[in-house]
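Sequential numbering from 11 applies to the sequence shown in this note's numbering.
Everything on this sheet refers to the single structure shown next.
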Amino acid sequence: MFSEAIHCRDTETVRFAIYPDGFDGPRIIARISDSALHDIFEAPRDDASLAAACQAHFGRIEAKALERHHAAPQTAVLLETADFCAESEAELSVA
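Spelled out as structure tokens, the structure:
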């Protein structure tokens, strides 16, 4: 899926939209930290690379953002490195 990712230098995050109820439902703005994009997805720390990493890995990022939104719909979604580290640890324990 295509994501219109926008890097925000002031918050050191990339903003993107998710649609918890499909495109006919509400549009929720979520964010992922620059650190997560760099640490997990190996993005260089420049505007274009951070936004491109969000787009390139959007399936995984969107899934985590939707999970977070469904767990706490009234709380803003901000994904950090730890959100993806827990995912990696769960994969290792299954193997």
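The beta carbon of each residue, even a glycine, is placed where N, CA and C say it ideally should be.
Item to check | Local conformation of residue 23 per DSSP, three classes | outcome: strand
Next on the checklist: If we require 3 or more residues per run, which beta strand (DSSP E) segments fall completely within the stretch 35-65?
Outcome noted: 38-43
Next on the checklist: Just to confirm my understanding: we take residue 14, look at its own chain, exclude 5 residues before and 5 after, and list those with CB closer than 8 Å. What are they?
Outcome noted: 26 and 27
Item to check | Simplified DSSP state of residue 79, which is helix, strand or coil | outcome: helix
Item to check | Beta-carbon contacts of residue 29 that lie in its chain and below 7 Å, excluding the five residues immediately before and after | outcome: 35 and 37
Checklist entry - Between the C-alpha atoms of residue 24 and residue 71, what's the straight-line distance to the nearest angstrom? => result 11 Å
Item to check | C-beta atoms of residue 40 and residue 51 nearer than 8 Å | outcome: no
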